[in-house]
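Undergrad: Below: one structure in structure tokens.
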Amino acid sequence: MAKDFSTMEDSNRSSNPSIHDVSDPARRQVLRGGLGLAVTGLLAPLAGCAGIGAAGGPLLGVKSVPAGTADAVRVPEGYSVQVIAAWGEPAGLSGEDHAFRFDAGNSAAQQETQLGMHHDGIHFFRHPLTPAASTAGLLVMNHEYADDGLLHTDGMKTWNAQKVRKAQAAHGVSVIEVEQKNGRWEVVRPSPWARRITAYTPMAVGGPAAGHALLRTAADPSGRRVLGTLNNCGSGITPWGTYLTCEENFIFYFRGPDQPDAHQARWGLRRGDPVGYRWHEHDERFDAARHPNEPNRFGWVVEIDPYDASSAPVKRTALGRAAHEGATVAVTKDRRAVIYMGEDARFEYIYKFVTRDAIKPAAPGLSAARANAELLDHGTLYVARFDADGKGRWLPLVQGQGPLTAANGFADQGEVLVKSRQASDLLGGTKMDRPEWIDIDRQGWVYCTLTNNSNRGGPNMPGTDPANPRANNTMGHIIRWKEAGDFDGLAFEWNHFVLAGDPKLERADAKGNVGGDAFACPDGLWTDARGVLWIQTDMSTSAMGRGDLVNLGNNAMLAADPRTGEIRRFLVGPVGCEVTGATATPDGRTMFVNIQHPGESPSERSDPDNPRRFSNWPDQRPDGRPRSATVVIRKNDGGVIGT
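For the sequence shown, the residue numbers in the working numbering are 543 to 1185.
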């Protein structure tokens, strides 16, 4: 998540028991050691460089980078950084090559062919023609939101349909082809795989909510064809070669009615335009007063085939509707897919989805993506309950089971999925401190970042509980669990991998228990093929450098050893940025990391008259403006990253 919608994101007023008064102090500690490095076969189809590294050897072969506030990307000695794929650069669509204008003068039509703003989740896919190579491939990345102060020459001083269209074009997903030449990486232009998916790209709807009355609108009476995806934050990949992009804070794009109903209020829809995007003034589908079902068409996990630029993205409703942060895929022994998902909002939930059917292999004339085109439309969605004894349960969101009945407002499974928050309220899921990215280590522990929650324990707010043990949780933590049996198990054991914090602080609940370099607000999470757990931070610009965050400098990426809990700061980003999204080539020698919103203003938008006020990264031009971009990180000696 980028912007701090702290006054808006808590819409969970359910009275679920959160075990507030039975916190177990022992569960607040990191369990260190004993994890080993035995390869379990977890996600074998996804681990492109599973052979990298020696079992039992040291994982963290890098020196720590000190915290700092420079307007640059800093990495350890012996590493180099290259910037590629910045906002506004041509994506490589055939016949389109519109260069970025530093005065923000590009048109809406040109932005449709250029990389979007505010890069987030990212993945490197093997090249379709040379899949064994680590010097070429496809990068697929999210573009979470747009800063209209930077996107338009005069910001929002004037407002019209073209500005709305341009902002919508700056959202969504980019698919680009990249290759390494003479030691440097570049975007291939044109490329037959290049693609821009925006807030008005036609999309199909799959799963139990497809065609549901709650998804039907005047423009789409079938409820099966949605225009666009937006606020694309975290992401995931599947063993059958597709990309999962997640719609996070979608509700803030809608103008609410004068009196939102209970369903709208539970999803945070407020009267008027809550964040001032003003899309509804020139695109009426974002006026929920006129089109109350339109918000129900967002908040889904969207599946994209990066190898087929003509294919329609599909919103997979069986995975539930939420402010999705990511979608991490595991595989059971009988080859069914399990998707873990966090919901980045205060006091919301952690979910998993288990497919009904096994993953099918590719067949002659049929790609793996086509063979599994409906796999994510059938299965069971669960919400997590973390108990005080260090154990937990997955509670099924299935219509007709327990309280999920027509009498309680759930007439069918489609309605359960559209109202997954309300269903989770009734089931008693544990209210978490902004669950974000999820990943899995080589022994099957599943990790989830809980970024922060300063409302925890506040007036009229839920108190602490074993899973969320700190009041005024400004620093965040990482929780982890291991399923009983396979990944589809209904029971699990859990503990805290780390409570983020700074031991130099006086406030006890802000010190944390980090075994290494201090950090706060964990967000992005990625396990590389060697087993290193990479942690990315998202301290809010409005709080950075002050209060509990006074000593931590800019946002960073840290490397953690899951066996020991040791954590080292590997990368520090430029001023005002969030570090988010990481991936690597199959040989582990090139890492791609996204730098989002450098120079972000503590207010809602940048000042168009002074775009370089906080940052001028990455171009550092006298006429420049800060731009989100992907950075390529390599060892100068050509070795594997992190060794």
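Ideal placement from N, C-alpha and C gives every residue a C-beta, glycine not left out.
Taking 8 Å as the cut-off, does the segment 871-885 touch the segment 845-854 (at least 3 CB pairs, one atom from each stretch)?
TA: The segment 845-854 vs the segment 871-885: no contact.
Undergrad: Compare the C-alpha of Arg737 against each of Gly778, Arg812, Ala1026, Glu654 and name the closest.
TA: If you number the sequence shown from 1, residue 737 lands on position 195. With distances taken between Cα atoms, Arg737 lies closest to Glu654.
Undergrad: Express the C-alpha separation of Ala1102 and Pro600 in angstroms, rounding to a whole number.
TA: Along the sequence shown, read from residue 1 onward, the residue named residue 600 stands at position 58. Along the sequence shown, read from residue 1 onward, the residue named residue 1102 stands at position 560. About 11 Å.
Undergrad: Over the uninterrupted beta strand (DSSP E) stretch that includes Val768, give me the two end residues.
TA: Stepping through the sequence shown from its first residue, residue 768 is reached at position 226. Here the beta strand (DSSP E) through Val768 covers 767-769.
Undergrad: What's the C-alpha gap between Val1117 and Ala1171?
TA: Here residue 1117 refers to the residue found at position 575 of the sequence shown. Here residue 1171 refers to the residue found at position 629 of the sequence shown. Each residue's alpha carbon lies about 14 Å from the other.
Undergrad: Buried or exposed for Ser764, going by 16 or more other Cβ atoms inside 10 Å?
TA: The sequence position of residue 764 within the sequence shown is 222, counting from 1. Result: exposed.
Undergrad: Taking its Cβ as the centre, do 16 or more other Cβ atoms sit within 10 Å of Cys775, making it buried, or is it exposed?
TA: Here residue 775 refers to the residue found at position 233 of the sequence shown. That one is buried.
Undergrad: Going by DSSP, name the residue or residues bridged to Thr1079.
TA: Counted from its first residue, the sequence shown places residue 1079 at position 537. In DSSP, Thr1079 forms a bridge with Pro1064.
Undergrad: Would you mind listing the alpha helix (DSSP H) stretches within the segment 1101-1140 that are 4+ residues and don't spill past its ends, in chain order?
TA: Complete alpha helix (DSSP H) runs here, min 4: none at all.
Undergrad: Taking all protein chains shown into account, do 16 or more other C-beta atoms lie within 10 angstroms of the C-beta of Arg1088, making it buried, or fewer, making it exposed?
TA: Taking the first residue of the sequence shown as position 1, residue 1088 is located at position 546. When all chains shown are included, Arg1088 counts as exposed.
Undergrad: What is the DSSP secondary structure of Thr859, counted as helix, strand or coil?
TA: Stepping through the sequence shown from its first residue, residue 859 is reached at position 317. Of the three classes helix, strand and coil, the one that applies to Thr859 here is helix, per DSSP.
Undergrad: Could you check what DSSP says for Gly691 in three-state terms: helix, strand or coil?
TA: Counting from 1 along the sequence shown, the entry for residue 691 is found at position 149. Correct three-state label for Gly691: helix.
Undergrad: Tell me the residue span of the alpha helix (DSSP H) that contains Asp1051.
TA: Your numbering for residue 1051 matches position 509 in the sequence shown. From DSSP, the alpha helix (DSSP H) with Asp1051 extends over 1050-1053.
Undergrad: Whole beta strand (DSSP E) runs in the segment 595-658 with 3 or more residues, listed along the chain?
TA: The qualifying runs are 621-626.
Undergrad: For the segment 629-647 against the segment 704-724, are there 3 or more C-beta pairs whose distance is under 8 Å?
TA: With the cut-off at 8 Å, the segment 629-647 and the segment 704-724 touch.
Undergrad: Which term fits Arg569, buried or exposed, when burial requires 16 or more other beta carbons within 10 angstroms of its beta carbon?
TA: The residue labelled residue 569 in the question sits at position 27 within the sequence shown. Only weak support is given to the placement of Arg569: the predicted model assigns it a pLDDT of 28, under 50, and the question is left unresolved by the model.
Undergrad: Would you report the Cα separation of Arg998 and Pro1164, rounded to the nearest angstrom?
TA: Locating residue 998 in the sequence shown gives position 456, where the first residue counts as 1. Locating residue 1164 in the sequence shown gives position 622, where the first residue counts as 1. C-alpha separation (whole angstroms): 44 Å.
Undergrad: Would you say the segment 1048-1057 touches the segment 1010-1020, given that touching needs at least three Cβ pairs under 8 Å?
TA: Flag = yes, the segment 1048-1057 and the segment 1010-1020 touch.
Undergrad: So Asn662 is in the beta strand (DSSP E); what residue range does that whole segment cover?
TA: Indexing the sequence shown from 1 puts residue 662 at position 120. Contrary to the premise, residue 662 reads as Asp rather than Asn in this sequence. Where Asp662 is concerned, the enclosing beta strand (DSSP E) stretches over 661-668.
Undergrad: Considering only DSSP beta bridges, list what Trp936 is partnered with.
TA: Counting from one through the sequence shown, the residue named residue 936 turns up at place 394. In DSSP, Trp936 forms a bridge with Ala926.
Undergrad: Considering only the alpha carbon of each residue, which of Arg912, Val1173, Phe792 lies closest to Gly1115?
TA: The residue given as residue 1115 occupies position 573 in the sequence shown. Checked all of Arg912, Val1173, Phe792; the closest Cα to Gly1115 is Val1173.
Undergrad: So, for Gln806: in the same chain, excluding its five sequence neighbours on each side, which residues have a beta-carbon less than 6 Å away from its beta-carbon?
TA: In the sequence shown, counting from the first residue as 1, residue 806 sits at position 264. Correct list: empty, nothing qualifies.
Undergrad: Rounded to whole angstroms, what is the Cα-Cα separation between Leu769 and Leu1091?
TA: Residue numbering aside, residue 769 sits at position 227 when the sequence shown is read from its first letter. Residue numbering aside, residue 1091 sits at position 549 when the sequence shown is read from its first letter. Looking at the two C-alpha atoms, the distance is approximately 40 Å.
Undergrad: I need the boundaries of the beta strand (DSSP E) containing His805, first residue and last residue.
TA: Along the sequence shown, one-based indexing puts residue 805 at 263. Element bounds for His805: not the beta strand (DSSP E) but the alpha helix (DSSP H), 804-808.
Undergrad: If you draw a straight line from the alpha carbon of Glu789 to that of Phe644, how long is it in whole angstroms?
TA: The residue you call residue 789 lines up with position 247 of the sequence shown. The residue you call residue 644 lines up with position 102 of the sequence shown. About 29 Å.
Undergrad: Tell me the residue span of the beta strand (DSSP E) that contains Ala678.
TA: Numbered from its first residue, the sequence shown carries residue 678 at position 136. It spans 678-685 - the beta strand (DSSP E) in which Ala678 sits, taken as one unbroken run.
Undergrad: Taking only the alpha-carbon atoms, compute the straight-line gap between Asn1178 and Leu681 and give it to the nearest angstrom.
TA: Here residue 1178 corresponds to residue number 636 of the sequence shown, with the count starting at 1. Here residue 681 corresponds to residue number 139 of the sequence shown, with the count starting at 1. Each residue's Cα considered, the two are about 22 Å apart.
Undergrad: Using the Cβ count rule (16 or more neighbours within 10 Å means buried), how would you classify Gln704?
TA: Counting from one through the sequence shown, the residue named residue 704 turns up at place 162. Per the 10 Å Cβ criterion, exposed.
Undergrad: Glu1025 lies in the beta strand (DSSP E); which residues open and close that run?
TA: For the purposes of this step, residue 1025 is taken as residue 483 along the sequence shown, with counting starting at 1. Segment 1019-1025, the beta strand (DSSP E) holding Glu1025.
Undergrad: Please state the DSSP three-state secondary structure of Glu719.
TA: On the sequence shown, residue 719 is found 177 positions in, with the first residue counted as 1. Residue state, collapsed to three classes: strand.
Undergrad: Where DSSP assigns a beta bridge to Leu757, which residues make up the other side?
TA: Counted from its first residue, the sequence shown places residue 757 at position 215. Note: Leu757 sits in no beta bridge, so no partner.
Undergrad: Hey, how far is the Cα of Lys973 from the Cα of His1038?
TA: By one-based count along the sequence shown, residue 973 stands at place 431. By one-based count along the sequence shown, residue 1038 stands at place 496. Roughly 16 Å separates the two Cα atoms.
Undergrad: Mind checking which residues open and close the beta strand (DSSP E) that includes Ala1171?
TA: What you label residue 1171 is simply residue 629 of the sequence shown in a count that begins at 1. 1171-1177 is the span of the beta strand (DSSP E), which, as asked, contains Ala1171.
Undergrad: Taking C-alpha atoms, which residue in Met1017, Phe1029, Thr1079 lies nearest to Arg1049?
TA: Mapped onto the sequence shown, residue 1049 falls at position 507. Ranking the options by Cα distance to Arg1049, first place goes to Met1017.
Undergrad: Using CA atoms only, rank isn't needed, just tell me which of Thr787, Lys723, Asp1129, Arg1176 is closest to Met745.
TA: Counted from its first residue, the sequence shown places residue 745 at position 203. If we check each option's Cα against that of Met745, Thr787 comes out closest.
Undergrad: If you count every other CB in all the chains shown that lies within 10 Å of the CB of Pro1160, and 16 or more means buried, which is it?
TA: Position 618 of the sequence shown, counted from the first residue, corresponds to residue 1160. Result: buried.
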